[in-house]
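To start, the structure under review is shown below, and the notes come after it.
There are 4 protein chains.
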Amino acid sequence: MTYRFEAGRIYRMPTHFGPAPGPRQVPDGIAVDPTRSPRRLSVSASFLTDAAALERHLPEGFTLASEPVVTVDVHHMTDIDWLAGRGYTMIWVGWPATFTGRRDRATGKFLAVVWENLADPIITGRDEIGHPKLYAEIAEPRRWNGAQICTAGWMGFRFLDLAVSQLRDAAPAPQAAASDGTLMLKYTPRTGAWGETELCQVTLTPAADPDCHIERRQTGTGTVCFHAASWSDLPTLHHVVNALAALPVLEPRGGSITHARGGKTYRDQRVLV
Amino acid sequence: MTYRFEAGRIYRMPTHFGPAPGPRQVPDGIAVDPTRSPRRLSVSASFLTDAAALERHLPEGFTLASEPVVTVDVHHMTDIDWLAGRGYTMIWVGWPATFTGRRDRATGKFLAVVWENLADPIITGRDEIGHPKLYAEIAEPRRWNGAQICTAGWMGFRFLDLAVSQLRDAAPAPQAAASDGTLMLKYTPRTGAWGETELCQVTLTPAADPDCHIERRQTGTGTVCFHAASWSDLPTLHHVVNALAALPVLEPRGGSITHARGGKTYRDQRVLV
Amino acid sequence: MTYRFEAGRIYRMPTHFGPAPGPRQVPDGIAVDPTRSPRRLSVSASFLTDAAALERHLPEGFTLASEPVVTVDVHHMTDIDWLAGRGYTMIWVGWPATFTGRRDRATGKFLAVVWENLADPIITGRDEIGHPKLYAEIAEPRRWNGAQICTAGWMGFRFLDLAVSQLRDAAPAPQAAASDGTLMLKYTPRTGAWGETELCQVTLTPAADPDCHIERRQTGTGTVCFHAASWSDLPTLHHVVNALAALPVLEPRGGSITHARGGKTYRDQRVLV
Amino acid sequence: MTYRFEAGRIYRMPTHFGPAPGPRQVPDGIAVDPTRSPRRLSVSASFLTDAAALERHLPEGFTLASEPVVTVDVHHMTDIDWLAGRGYTMIWVGWPATFTGRRDRATGKFLAVVWENLADPIITGRDEIGHPKLYAEIAEPRRWNGAQICTAGWMGFRFLDLAVSQLRDAAPAPQAAASDGTLMLKYTPRTGAWGETELCQVTLTPAADPDCHIERRQTGTGTVCFHAASWSDLPTLHHVVNALAALPVLEPRGGSITHARGGKTYRDQRVLV
């Protein structure tokens with residue numbers, strides 16, 4: 010007897026060994042506490058760039074919302090329930106955009122690319138959420154000489170330097186009034202019919218995250234530098250890194266450090282049409 | 010102006026920075042030589058198990074073909090063109106099966122799960138081919154005391170020991186006459202409608218691989234041992250590893266070591282219906 | 010002109026490029042703050058073992074002091090000044106002992122072996138202090154299901170599991186009145202005259218550490234398990250791990266978790282005779 | 010009863026668990042074959058530099074021998090007996106020098122610094138041989154676009170790029186007639202008396218290595234580039250890397266690739282006085 014998919018359970022490749030454990034589905038009997046897990050240190054820096062250059066990296070249906078400000082966030086997470094207390098680090102690159110679909114319209118952060126230093130959440134995020142996740146070696150953020158310093162690379166080629174310095178305590182960032190959440194594009198190519206699209210849909214993470222509690226926030230001066238690479242240095246990433254390195258930094262727009270605890274599982278992720 | 014997808018080019022998430030470089034699409038001007046790349050050391054071991062136990066891990070439309078023999082292959086690859094000469098290692102677990110669809114019928118190796126120690130080919134393989142790839146730490150196969158020894162783990166929990174000993178030179182393995190190639194299931198869950206399926210299709214890698222040249226082949230005694238894990242040890246893999254560890258080893262069915270050079274890019278992968 | 014050693018500066022191999030930067034010698038102009046660096050999370054568990062078994066791992070001149078209780082401490086450190094804010098993790102294994110030399114006598118923790126997951130402090134510690142440091146893969150301590158969990162391995166063979174559970178807040182541990190500090194044996198073999206000793210001396214880290222500030226301490230139930238290994242699994246460590254695995258666990262003696270900040274550089278380390 | 014050192018056996022820190030396994034001492038019953046182990050791929054590149062600049066990195070008693078040519082060798086080793094078949098990679102930086110001591114005189118390669126990507130041989134080599142070994146992340150040499158490419162870094166900062174291109178088959182390199190072997194300086198600082206020297210001796214690896222068999226050798230064009238670093242990037246290595254980066258490259262002096270099998274354990278290492 011072959012197996013049948015159990016109704017209402019999330020599966021991922023390989024599906025042959027039962028429903029897939031992950032952030033949105035932990036085995037029965039495993040206790041999770043979204044008010045305490047994960048712990049998160051976020052280091053962010055932003056810069057103003059050229060609107061036309063940025064629009065070239067927006068998919069159809071999207072327009073820039075407000076100023077062309079790119080924000081790079083490094084989220085170092087620990088105490089992750091669905092990884093039995095382990096952690097990993099992710100880097101988000103995004104800017105404000107509005108999606109206008111046949112039915113839906115939403116404005117928020119357009120999440121252009123994510124890097125993570127663990128393959129497991131890359132797989133769950135790409136498949137279930139449409140997170141545009143790629144792999145990078147990401148150092149734990151370090152504090153030295155008054156600055157919080159973050160770096161990322163691949164096979165020894167460092168493609169990102171980010172730092173926030175001159176830190177001073179600050180109030181929690183007000184969620185921008187206009188934000189509906191985080192916007193991204195879920196995409197799967199078609200097997201065999203090379204160049205065709207199997208799946209292409211806009212997905213939204215709604216802004217609300219009631220279990221996330223900000224413990225401390227500091228603001229400061231932020232710097233971001235992407236290092237252009239040859240194909241030989243970054244054969245799977247150079248097109249992404251070089252596009253970001255080519256964005257002019259017209260003006261730094263500050264940085265911040267946030268310590269937080271708790272957060273949602275993105276079960277509220279939904280498709281916009 | 011937002012970007013448009015270029016016709017005939019393969020994209021993967023994130024799509025916003027142009028067509029995605031990968032095994033089936035290297036940038037213009039990059040020379041590849043499928044008769045020389047990759048170099049491959051393959052270490053394989055097989056065992057007879059219980060047919061009913063194995064069928065429980067076959068999806069609908071599949072039946073066991075011939076004996077219920079599980080084969081675990083460790084492929085250590087170097088000189089990979091699309092990674093600019095770098096390498097990685099993959100582990101294949103499969104057994105013989107026949108797929109009978111509405112239109113198509115094929116018999117070959119059913120590829121139940123793949124582990125790799127590099128995230129980049131995990132992403133390309135899952136998205137483009139339907140390879141059921143997961144991440145593992147995989148040691149380079151080592152030769153000691155007359156045996157070739159392979160291990161795999163995750164975050165320090167070793168879940169696989171495989172060895173081939175008593176090696177003797179052998180003729181290249183004849184491709185089993187009945188094989189149409191390698192069969193797998195490409196699957197994507199639906200975002201937001203948790204538990205529903207976005208994409209579920211059988212894909213086939215045809216058996217022919219004319220550029221692959223076997224340089225040396227040895228056969229010997231093979232042993233395979235999967236180690237059962239708690240959820241806390243392998244929170245993303247325990248269901249797969251424990252299912253494989255639960256398969257009874259009724260009889261060892263030998264092992265082999267193969268040195269090869271060259272091979273195809275799987276552009277011939279196709280969907281069966 | 011060949012170089013000369015600068016007076017009063019610490020050198021290590023290779024000496025040919027100037028004085029060696031390290032925990033006890035940072036370059037001029039680098040600001041360090043021993044009251045804030047490093048941050049440290051320490052997870053400790055102890056067990057009573059057999060006195061005669063333990064004495065077999067004490068060098069000449071040492072005797073057990075009080076009960077034969079083995080303590081394993083996992084120190085996860087971040088914000089380390091001499092590493093420009095980076096961190097690493099070390100594991101200490103020790104038990105109480107008294108050294109009686111020709112001139113000196115001291116009682117404290119006999120530090121039998123140290124594992125670290127970074128080679129740089131292994132080199133500085135062995136050369137300058139006589140720390141008996143070896144390399145291991147050490148996971149960041151993780152919190153799950155109410156326990157703090159630590160593991161260590163080498164090339165994928167996990168040789169240590171340590172956990173502290175049932176945690177409750179506790180007062181800072183009083184430094185045991187009788188302790189003079191930490192005792193160890195600095196040893197260098199003689200090149201060419203294999204089996205002879207170049208250097209063998211007892212060194213002491215005095216107990217005082219005035220800049221170390223305990224921020225929080227919890228006590229609980231501790232468990233320690235060393236896993237015996239074959240030579241093939243741990244060809245450089247099996248003798249150490251197997252000796253520790255062979256110590257009978259007669260009775261658990263509790264565990265603790267300590268969060269601390271600040272500490273000394275061990276410039277007060279001295280040789281006992 | 011405390012333990013006694015067994016006569017004629019090599020010990021290293023920690024000495025408390027018996028004689029230390031390593032390249033020059035494997036446990037009884039472990040079969041080794043110096044005619045087959047290790048397998049080695051060596052990639053070398055040389056350049057002419059300024060004699061005065063180079064002499065500043067020679068210790069007392071040494072003079073440059075012949076031209077000031079720096080050679081960087083990357084040795085990728087597998088099938089290492091004393092590691093039960095595992096492997097690692099080392100980088101040697103050296104130049105020709107003559108040592109004139111009170112009694113001894115020898116000319117050969119002065120081994121100025123070694124980097125390795127495994128801590129275990131760093132420990133054995135520093136303690137037993139006087140190898141000036143430090144840790145680095147070293148990629149497996151990769152072959153791409155007709156060149157053999159090697160890189161090394163530390164915590165994501167790449168400090169070395171080396172490549173050999175335009176390869177053509179060549180005869181095995183004749184051991185330079187004048188070479189007595191490889192020269193280095195074994196050094197240990199004195200604990201507590203900071204800035205004083207505990208041990209400083211010149212050691213020699215005699216040139217003969219009868220079990221080493223060259224299987225193939227190619228020569229070509231070699232390029233070497235060391236990248237200068239800030240202290241924050243390489244807090245334990247910047248003095249070494251920056252000194253090498255500061256050596257002028259007056260003229261490239263070729264490169265080579267060598268495949269070899271077998272070799273000695275350095276039990277013939279001896280002290281020169």
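Protein sequence lines, in the order shown, are assigned to chains A, B, C and D.
Using our numbering, the first residue of the first sequence is number 10, and each one after it goes up by one.
Using our numbering, the first residue of the second sequence is number 10, and each one after it goes up by one.
Using our numbering, the first residue of the third sequence is number 10, and each one after it goes up by one.
Using our numbering, the first residue of the fourth sequence is number 10, and each one after it goes up by one.
Where is the CB? At the ideal position from N, CA and C, for every residue including glycine.
(message) Determine whether the beta carbon atoms of A/Thr98 and A/Glu125 lie at a separation below 8 Å.
(response) yes
(request) Would you list, in sequence order, the uninterrupted alpha helix (DSSP H) runs of no fewer than 4 residues that lie entirely inside the region 201–275 of chain A? (result) 247–254
(message) Which residues in chain A have a C-beta closer than 8 Å to the C-beta of B/Glu64? List them in chain order.
(response) Met10 and Thr11
(message) Less than 8 Å between CB atoms is the rule here; does A/Pro257 satisfy it with respect to chain B?
(response) no
(request) May I ask you to list, following chain order, the residues of the region 21–41 of chain C that have a beta carbon less than 7 Å from some beta carbon of chain D? (result) Arg21, Met22, Pro23, Thr24, His25, Phe26, Gly27, Pro30, Gly31, Arg33, Pro36 and Ile39
(message) Quick check: C/Arg18 and C/Pro28, are their CB atoms within less than 8 Å of each other?
(response) yes
(request) Per DSSP, which residues does B/Arg114 bridge with? Please list them. (result) B/Thr109
(request) Could you work out which residues of chain D lie near B/Glu149, taking near to mean beta carbons separated by less than 8 Å? (result) Thr87, Arg95 and Gly96
(request) Using a Cβ cut-off of 9 Å, pull out every chain B residue sitting near A/Ser75, in sequence order please. (result) Ordered by position in chain B, no residue passes the 9 Å Cβ test against A/Ser75, which lies about 17 Å from the chain.
(message) Report the CB separation of B/Val280 from B/Gln210 in whole angstroms; it is logged as a contact under 8 Å.
(response) 5 Å
(request) Inspect the beta-carbon positions of C/Val282 and C/Arg112 and report whether they are closer than 8 Å. (result) yes
(request) May I ask you to list the residues that DSSP assigns as paired with C/Pro47? (result) According to DSSP, C/Pro47 bridges with nothing at all.
(message) Between C/Phe168, C/Val258, C/Leu50 and C/Arg276, which has its C-alpha nearest C/Val83's C-alpha?
(response) C/Leu50
(request) May I have the straight-line CA-CA distance separating C/Thr54 from C/Trp104, to the nearest angstrom? (result) Looking at the sequence shown, residue 54 of chain C is not Thr but Ala. So the two alpha carbons sit approximately 12 Å from each other.
(request) Determine whether the Cβ of D/Ser241 lies closer than 8 Å to any Cβ atom of chain C. (result) yes
(request) Just grab the DSSP bridge partners of A/Ile156 for me. (result) It should be pointed out that residue 156 of chain A corresponds to Ala in this sequence rather than to Ile. Partner(s): A/Trp153.
(request) Would you mind telling me which residues of chain C sit closer than 7 Å to B/Gly162, beta carbon to beta carbon, in chain order? (result) Gly165
(request) For B/Pro130, count neighbouring Cβ atoms within 10 angstroms of its own Cβ and tell me buried if that reaches 16, exposed if not. (result) buried
(request) Would you tell me roughly how many angstroms separate the C-alpha atoms of D/Gly231 and B/Ala121, rounded to the nearest one? (result) 46 Å
(request) Could you spell out the range, first to last residue, of the beta strand (DSSP E) harbouring C/Ala172? (result) Phe166 to Asp178
(message) Assuming the contact rule is C-beta atoms closer than 8 Å, D/Gly229 and D/Arg177 should be a hit. Round their C-beta distance to whole Å, please.
(response) 7 Å
(message) So if I threshold CB-CB distances at 8 Å, which residues from the region 120–154 of chain C count as touching chain B?
(response) Glu146, Ala148, Trp153 and Asn154
(request) Report all residues from its chain with a CB closer than 7 Å to the CB of B/Glu15; omit the five preceding and five following residues, and keep chain order. (result) Pro28
(request) Determine the chain D residues that contact C/Pro244 at a beta-carbon separation under 7 Å, and present them in chain order. (result) Pro30, Trp91, Leu92 and Ala93
(request) Tell me, please, which residues DSSP counts as bridged to C/Ala54. (result) C/Val81 and C/Gly264
(request) Taking only heavy atoms of the ligand FMN into account, decide whether any of them is closer than 7 Å to the Cβ of D/Pro181. (result) This structure does not include the ligand FMN; it has no bound ligands of any sort.
(message) Just to confirm my understanding: we take B/Ala187, look at its own chain, exclude 5 residues before and 5 after, and list those with CB closer than 7 Å. What are they?
(response) Thr116
(message) At the level of alpha carbons, what is the spacing between C/Met164 and B/Thr206?
(response) 39 Å
(message) Tell me the residue span of the beta strand (DSSP E) that contains D/Pro198.
(response) Gly190 to Pro198
(request) Take every Cβ of the region 272–279 of chain C, pair it with every Cβ of the region 140–160 of chain D, and state whether three or more of those distances are shorter than 8 Å. (result) no
(request) Give the DSSP-derived three-state secondary structure of C/Ile100 in the structure shown. (result) strand
(message) Between C/Arg279 and chain D, is any beta-carbon pair separated by less than 8 Å?
(response) yes
(request) Taking only the alpha-carbon atoms, compute the straight-line gap between D/Val81 and D/Thr87 and give it to the nearest angstrom. (result) 20 Å
(message) Suppose contacts are defined by Cβ-Cβ distances below 8 Å. Is B/Pro141 in contact with A/Met10 by that definition?
(response) no
(message) Is there a Cβ of chain D sitting closer than 8 Å to that of C/Ala115, yes or no?
(response) no
(request) Label B/Asn251 either buried or exposed according to how many other C-beta atoms from any shown protein chain fall within 10 Å of its C-beta, with 16 as the threshold for buried. (result) buried
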